[in-house]
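Numbering (our numbering), first residue to last: 42 to 235. We put the beta carbon where it would ideally sit given N, CA and C, even for glycine. Only one structure is covered here, and it is reproduced in the block below.
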């Protein structure tokens, strides 16, 4: 039993000092079997037969490749697989990865640029022609394009207020009159955003 324990320890030490010369890319099918025991007295019959098979293979390899006395002895590790994977036909090319940057407090997000409202004074100012005539009156946006030709006071009165805040002009001409105010409501677009 002691002899068996010594052989097990010798086998483990030989396996630990073995030089693995196999290509890690081409040998992906199996890994060497590791036998770990807590004490030599716990060796089972199964590990004894595995050890005998390993010893037989190791001794066969040693007789085939007897080193010269002056050269240092090297051993090859024996893998328990029956076949080796065929050599890879394409070599994997290294992939560059970026090193993780140091963690920093996130920079405050820039405030978004204000989106121009559909009925802002800037948009009303862009609609200042007879083909598109918008005006702001009392905080409301109106499209007066169709009203230009219908205005009882003439087209010039409407064309002069296209693209502007016409509150003072409208109040100066029609302040307190219900007719012009009701006609104006038909052309309402919406509230003017400030």
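Cβ pair residue i, residue j closer than 8 angstroms
i	j	result
residue 176	residue 162	no
residue 189	residue 199	yes
residue 225	residue 183	yes
residue 208	residue 173	no
residue 165	residue 197	no
8 angstroms contact criterion, which residue i and residue j should meet: CB distance rounded
i	j	result
residue 229	residue 181	6 angstroms
Coarse secondary structure for residue i, derived from DSSP in three states
i	result
residue 180	coil
residue 190	coil
residue 213	helix
residue 201	coil
residue 229	strand
residue 169	strand
Contact set for residue i: own chain, Cβ-Cβ below 8 angstroms, skip 5 residues either direction
i	result
residue 90	Here the model assigns residue 90 a pLDDT of 47, short of 50, so the residue's position is not dependable and the matter cannot be decided.
residue 210	201 and 202
residue 231	159, 160, 181 and 182
residue 222	215
residue 187	228
Cut-off 7 angstroms between Cβ atoms - residues of its own chain near residue i, not counting five sequence neighbours on either side
i	result
residue 171	189 and 200
Residue from the options with nearest C-alpha to residue i
i	options	result
residue 215	233, 234 and 192	192
Contact set for residue i: own chain, Cβ-Cβ below 6 angstroms, skip 5 residues either direction
i	result
residue 44	none
residue 206	177
residue 185	174, 176, 199 and 228
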